[in-house]
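Notes follow the structure.
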Amino acid sequence: MDKKLKLLIIDDNHEMLAALYNFFSKKNYDVVTTPDSLHALKLIEAEKQEFDLVITDLVMPNISGVGIISIIKKKNPGTPVIAITGWGEHPEALATEAKADLVLEKPFRLPELDKLINDLLSPKKH
Amino acid sequence: MPSSFIGISESIVKIRELIEHVADTGLNVVITGESGVGKEVVAQNLYHKSHRKNKPFIKVNCAALPEGLLESELYGFEQGAFTGAQRKKRGKFELANKGVLFLDEIGDMSLALQSKLLHVLQSGEFFPLGSEKEVKTDAWVLASTNQDLEQNVKKGLFREDLYYRLNIIQIYIPPLRNRPEDIPLLIDYYIEKYVSKFHRKKLNKPSSETLGRLISYHWPGNVREIQNIIKRCLIVGNWEEVIDEIFANKKPVDNTTKAIPALDEASIIDDFIDFKGENSPNHASFSLKKVKKKVLDRIEKEVISHVLGQTGWNRTKAAKILKISYKTLLYKISDLNIEPPHYSR
Chain A
31 MDKKLKLLII
41 DDNHEMLAAL
51 YNFFSKKNYD
61 VVTTPDSLHA
71 LKLIEAEKQE
81 FDLVITDLVM
91 PNISGVGIIS
101 IIKKKNPGTP
111 VIAITGWGEH
121 PEALATEAKA
131 DLVLEKPFRL
141 PELDKLINDL
151 LSPKKH
Chain B
25 MPSSFIGISE
35 SIVKIRELIE
45 HVADTGLNVV
55 ITGESGVGKE
65 VVAQNLYHKS
75 HRKNKPFIKV
85 NCAALPEGLL
95 ESELYGFEQG
105 AFTGAQRKKR
115 GKFELANKGV
125 LFLDEIGDMS
135 LALQSKLLHV
145 LQSGEFFPLG
155 SEKEVKTDAW
165 VLASTNQDLE
175 QNVKKGLFRE
185 DLYYRLNIIQ
195 IYIPPLRNRP
205 EDIPLLIDYY
215 IEKYVSKFHR
225 KKLNKPSSET
235 LGRLISYHWP
245 GNVREIQNII
255 KRCLIVGNWE
265 EVIDEIFANK
275 KPVDNTTKAI
285 PALDEASIID
295 DFIDFKGENS
305 PNHASFSLKK
315 VKKKVLDRIE
325 KEVISHVLGQ
335 TGWNRTKAAK
345 ILKISYKTLL
355 YKISDLNIEP
365 PHYSR
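Those protein sequence lines, which keep their order, are chains A and B.
Counting in our numbering, the first sequence runs from 31 upward without gaps.
Counting in our numbering, the second sequence runs from 25 upward without gaps.
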């Protein structure tokens, strides 16, 4: 059996985080979630933690999603990152500048996000 | 080394952790919190933990200078760029290249300068005034404010695009009254620091009753007020007198108007000669001229601060009282690093 692909999901909105966790856990992903961007950064920095894909909210206290994306892309440029946001054009433009692979506006449908993740991870699956 | 960022409260522990993790990212940082909470200390700690620590740390107070002067401070100018520009001057963005540019009181920057700042942050390039040649800069921008920038964006006082570009990392330092557990540590730290600095002075630790009163006090001037109170206790020689006064006034202890009495013989020697450091008469760089300049600067700073305090920081009135030109006053405010009394903002 294939090894489960590992997702890291960061969002300071607990309801959003729970919904994403429930949906993607059932889709056979190994899902790690955190509402705290500093905790997320520690997970990313941990030597043994290798995430196959990261989903991050953009506007969060302490370290913004744009900060998280910049740090990931510097450390592991090959790790795909999806930014999700409901804050309009400026955070979206900054996420693109920080080389987010995809920027998705809230609200979105979970199957839509699932398909985008599939597309980004397809080289790893085959 | 910068001052330690003292505290055991959850928020302070988290800020120290955040500093460790983001100091080497080079991402823009905004440090917020009331006046006196230690925003500059956080900026200094970020700088010292980063690989830029041996490069310049340049601070610019965006509230202390009018728009035109702030623009020429930040970006510099060419000879002849405007009347009075007799020689070329390099701007702080250029001086801070490879190091840190700390923009204090960013919330006071005009919309026109915000737009120029946004351009530099986007492109890493700027035009000095009167120059046709763009200058590249790799300054790490740390900004701080005691204003609510999000509200300022809603009111149209702060550019939304600049807000998001600066706020990649946000560090909020809560006021001291919300973290009373830090007060005893801060008191101990500053007693030790100032007793060793003014080594002829002695101050016992506060009694448990006095400490209780200090913990219950609302500290409108935050950590800066603790520093000022301890300095005053060192001069007065006991806690009770000073504490009775602060509870009677319920106003933050403002260093600017109370500092002149500290110029007694012992502290003059401590402050201006310091028999151990490079200001010592035994040091090669010692000279009476240098000591005289330091003393005059200090007196000038106190007098100007006092007059500015009296005029409510009306610089035109202050210049008239001081009988100096408005331009000279602005220069002195910047050169002597005179800051507005933050608690009244």
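No residue lacks a Cβ here, since even glycine has one placed at the ideal position from N, Cα and C.
For clarity, every value in this text was computed on a predicted model and none was experimentally measured.
Rounded to whole angstroms, what's the CA-CA distance from Glu34 of chain B to Asn202 of chain B? Just pull it up for me.
Taking the first residue of the second sequence as 1, we reach residue 34 of chain B at position 10. Taking the first residue of the second sequence as 1, we reach residue 202 of chain B at position 178. One C-alpha to the other measures close to 11 angstroms.
Just the C-alpha distance for Ile250 of chain B and Arg111 of chain B, rounded to the nearest angstrom, thanks.
Numbered from 1 along the second sequence, position 226 holds the residue referred to as residue 250 of chain B. Numbered from 1 along the second sequence, position 87 holds the residue referred to as residue 111 of chain B. The straight-line gap from Cα to Cα measures roughly 44 angstroms.
What number of angstroms, rounded off, separates the C-alpha of Ile376 of chain B from the C-alpha of Ser231 of chain B?
Residue 376 of chain B lies beyond the stretch modelled for chain B, which goes from 25 to 369, so this question has no answer here.
Go to Ile114 of chain A, then tell me how far its beta strand (DSSP E) extends in each direction, as first and last residue.
Numbered from its first residue, the first sequence carries residue 114 of chain A at position 84. Per DSSP, Ile114 of chain A belongs to the beta strand (DSSP E) from Val111 to Thr115.
Would you list, in chain order, the members of the segment 43 to 73 of chain A that have their beta-carbon closer than 9 angstroms to a beta-carbon of chain B?
Taking 9 angstroms as the Cβ-Cβ cut-off against chain B, the residues of the segment 43 to 73 of chain A that qualify are Leu68, Leu71 and Lys72.
Do Pro80 of chain B and Gly123 of chain B come within 8 angstroms of each other at the CB atom, strictly closer than that value?
Within the second sequence, the letter at position 99 stands for residue 123 of chain B. Within the second sequence, the letter at position 56 stands for residue 80 of chain B. Yes; because the gap between Cβ atoms is below 8 angstroms, this pair is in contact.
Tell me the residue span of the alpha helix (DSSP H) that contains Ser33 of chain B.
The residue given as residue 33 of chain B occupies position 9 in the second sequence. Ser33 of chain B -> no alpha helix (DSSP H), and no H or E assigned at all.
Determine whether the Cβ of Lys282 of chain B lies closer than 8 angstroms to any Cβ atom of chain A.
In the second sequence, residue 282 of chain B corresponds to position 258, counting from 1. Since pLDDT at Lys282 of chain B reaches only 40, below the 50 mark, its modelled position is unreliable, and no value is offered.
In whole angstroms, what is the alpha-carbon distance linking Asp288 of chain B and His223 of chain B?
Here residue 288 of chain B refers to the residue found at position 264 when the second sequence is read from its first residue. Here residue 223 of chain B refers to the residue found at position 199 when the second sequence is read from its first residue. Confidence is the limiting factor: at Asp288 of chain B the pLDDT is only 45, short of 50, which leaves the residue's position unreliable and the question unanswerable from this model.
Taking 8 angstroms as the threshold (C-beta atoms), are Val247 of chain B and Cys257 of chain B in contact?
Position 233 of the second sequence, counted from the first residue, corresponds to residue 257 of chain B. Position 223 of the second sequence, counted from the first residue, corresponds to residue 247 of chain B. Taking 8 angstroms as the Cβ cut-off, Cys257 of chain B and Val247 of chain B do not qualify as a contacting pair.
Drop a sphere of 10 angstroms on the beta-carbon of Leu59 of chain B, count the other beta-carbons inside from all chains shown, and report buried for 16 or more, exposed for fewer.
Indexing the second sequence from 1 puts residue 59 of chain B at position 35. One point to set straight first is that residue 59 of chain B is Ser, not Leu, in the sequence displayed. So Ser59 of chain B counts as buried.
List the whole-angstrom C-beta distance separating Leu38 of chain A from Leu73 of chain A, where the pair is believed to meet the contact cut-off of C-beta under 8 angstroms.
Counted from its first residue, the first sequence places residue 38 of chain A at position 8. Counted from its first residue, the first sequence places residue 73 of chain A at position 43. Indeed they touch by this definition, with Cβ atoms about 6 angstroms apart.
With a threshold of 8 angstroms on Cβ separation, who are the neighbours of Leu146 of chain A within its own chain once the five nearest residues in sequence on each side are excluded?
For the purposes of this step, residue 146 of chain A is identified with residue 116 of the first sequence, where counting begins at 1. Counting only Cβ-Cβ distances below 8 angstroms, and skipping sequence neighbours, we find Ile112, Leu132 and Leu134.
Answer yes or no: does any C-beta atom of chain B fall closer than 8 angstroms to that of Ile114 of chain A?
Counting from one through the first sequence, the residue named residue 114 of chain A turns up at place 84. Judged by the 8 angstroms Cβ criterion, Ile114 of chain A is not in contact with chain B.
According to DSSP, what are the bridge partners of Tyr196 of chain B?
Against the second sequence, residue 196 of chain B aligns to sequence position 172. For Tyr196 of chain B, which the question treats as bridged, DSSP gives the partners B:Thr56.
Can you list, in chain order, the residues of its chain with a C-beta nearer than 6 angstroms to that of Lys341 of chain B? Leave out the 5 residues immediately preceding and following it.
Within the second sequence, the letter at position 317 stands for residue 341 of chain B. Cβ neighbours of Lys341 of chain B beyond the five flanking positions: Thr335.
Taking DSSP as the reference, what is the three-state secondary structure of Gly336 of chain B?
Mapped onto the second sequence, residue 336 of chain B falls at position 312. Coil.
Where does Arg322 of chain B sit, in a helix, a strand or coil, going by DSSP?
Your numbering for residue 322 of chain B matches position 298 in the second sequence. Of the three classes helix, strand and coil, the one that applies to Arg322 of chain B here is helix, per DSSP.
Compare the C-beta of Pro121 of chain A against all C-beta atoms of chain C and say whether one is closer than 8 angstroms.
The structure shown has no chain C; the protein chains it does contain are A and B.
For Gly108 of chain A, decide whether its Cβ has a neighbour in chain B, counting only Cβ atoms nearer than 8 angstroms.
What you label residue 108 of chain A is simply residue 78 of the first sequence in a count that begins at 1. Not closer than 8 angstroms to any Cβ of chain B, the Cβ of Gly108 of chain A fails to qualify, so no.
Any Cβ of chain A within less than 8 angstroms of the Cβ of Pro285 of chain B?
One-based indexing of the second sequence puts residue 285 of chain B at position 261. Caution is warranted here: a pLDDT of 41 is assigned to Pro285 of chain B, below 50, making its placement in the model unreliable, and the coordinate value is therefore given only provisionally. No - not a single Cβ of chain A is within 8 angstroms of the one on Pro285 of chain B.
Hey, out of B:Gly62, B:Arg114, B:Asn170 and B:Glu156, whose CA is closest to Met133 of chain B's CA?
Translated into the one-based positions of the second sequence, residue 133 of chain B becomes position 109. It is B:Asn170 whose Cα lies nearest to the Cα of Met133 of chain B.
Using the beta-carbon of each residue, which ones in chain A are nearer than 7 angstroms to Gly56 of chain B?
Position 32 of the second sequence holds residue 56 of chain B. Residue 56 of chain B is actually Thr in this sequence, not Gly. None at all; the shortest Cβ gap to chain A is about 11 angstroms.
In chain order, what residues of the segment 184 to 206 of chain B put their CB closer than 7 angstroms to some CB of chain A?
Here the close residues are Glu184, Asp185, Tyr188, Arg189, Asn191, Ile192, Ile193 and Gln194.
If I follow the unbroken alpha helix (DSSP H) through Lys116 of chain B, where does it start and stop?
What you label residue 116 of chain B is simply residue 92 of the second sequence in a count that begins at 1. First-last of the alpha helix (DSSP H) with Lys116 of chain B: Lys116 to Leu119.
Based on the DSSP output, what are the partners of Phe81 of chain B in its beta bridges?
Counted from its first residue, the second sequence places residue 81 of chain B at position 57. According to DSSP, Phe81 of chain B bridges with B:Val124.
Straight-line CA distance for Tyr196 of chain B to Val96 of chain A?
Your numbering for residue 196 of chain B matches position 172 in the second sequence. Your numbering for residue 96 of chain A matches position 66 in the first sequence. Taking the straight line joining both Cα atoms gives about 18 angstroms.
Note down the Cα distance separating Ile93 of chain A from Thr86 of chain A, rounded to an integer number of angstroms.
For this step, residue 93 of chain A is matched to residue 63 along the first sequence. For this step, residue 86 of chain A is matched to residue 56 along the first sequence. Roughly 11 angstroms between the two C-alpha positions.
Does the beta carbon of Glu41 of chain B come closer than 8 angstroms to any beta carbon on chain A?
Position 17 of the second sequence, counted from the first residue, corresponds to residue 41 of chain B. Glu41 of chain B counts as touching chain A.
Please name the residue in B:Glu118, B:Val327 and B:Leu210 whose C-alpha comes closest to that of Ile345 of chain B.
Reading the second sequence from its first residue, position 321 is the one you call residue 345 of chain B. Ranking the options by Cα distance to Ile345 of chain B, first place goes to B:Val327.
How about Ile192 of chain B and Asn52 of chain B: are their beta carbons less than 8 angstroms apart?
Looking up residue 192 of chain B in the second sequence gives position 168. Looking up residue 52 of chain B in the second sequence gives position 28. Yes.
Mind checking if Leu51 of chain B is an interface residue toward chain A, Cβ cutoff 8 angstroms exclusive?
Here residue 51 of chain B is taken as the residue at index 27 of the second sequence, counted from 1. Cβ-Cβ to chain A under 8 angstroms: yes for Leu51 of chain B.
Of all Cβ atoms in chain A, is any one closer than 8 angstroms to the Cβ of Asn69 of chain B?
The residue labelled residue 69 of chain B in the question sits at position 45 within the second sequence. Not an interface residue.
Tell me which residue opens and which closes the alpha helix (DSSP H) that Ser168 of chain B is part of.
Residue numbering aside, residue 168 of chain B sits at position 144 when the second sequence is read from its first letter. Premise fails: Ser168 of chain B lies in the beta strand (DSSP E), Trp164 to Thr169, not in any alpha helix (DSSP H).
Given Pro110 of chain A, which residues of its chain have a CB within under 6 angstroms of its CB, disregarding the five upstream and five downstream residues?
For this step, residue 110 of chain A is matched to residue 80 along the first sequence. If we look at Pro110 of chain A and ignore the five residues flanking it on each side, its Cβ neighbours are Leu83, Asp131 and Leu150.
Would you grab the beta carbon distance between Lys83 of chain B and Phe101 of chain B for me? Rounded to a whole angstrom, and I think it's under 8 angstroms.
Reading the second sequence from its first residue, position 59 is the one you call residue 83 of chain B. Reading the second sequence from its first residue, position 77 is the one you call residue 101 of chain B. That pair is no contact at about 20 angstroms.
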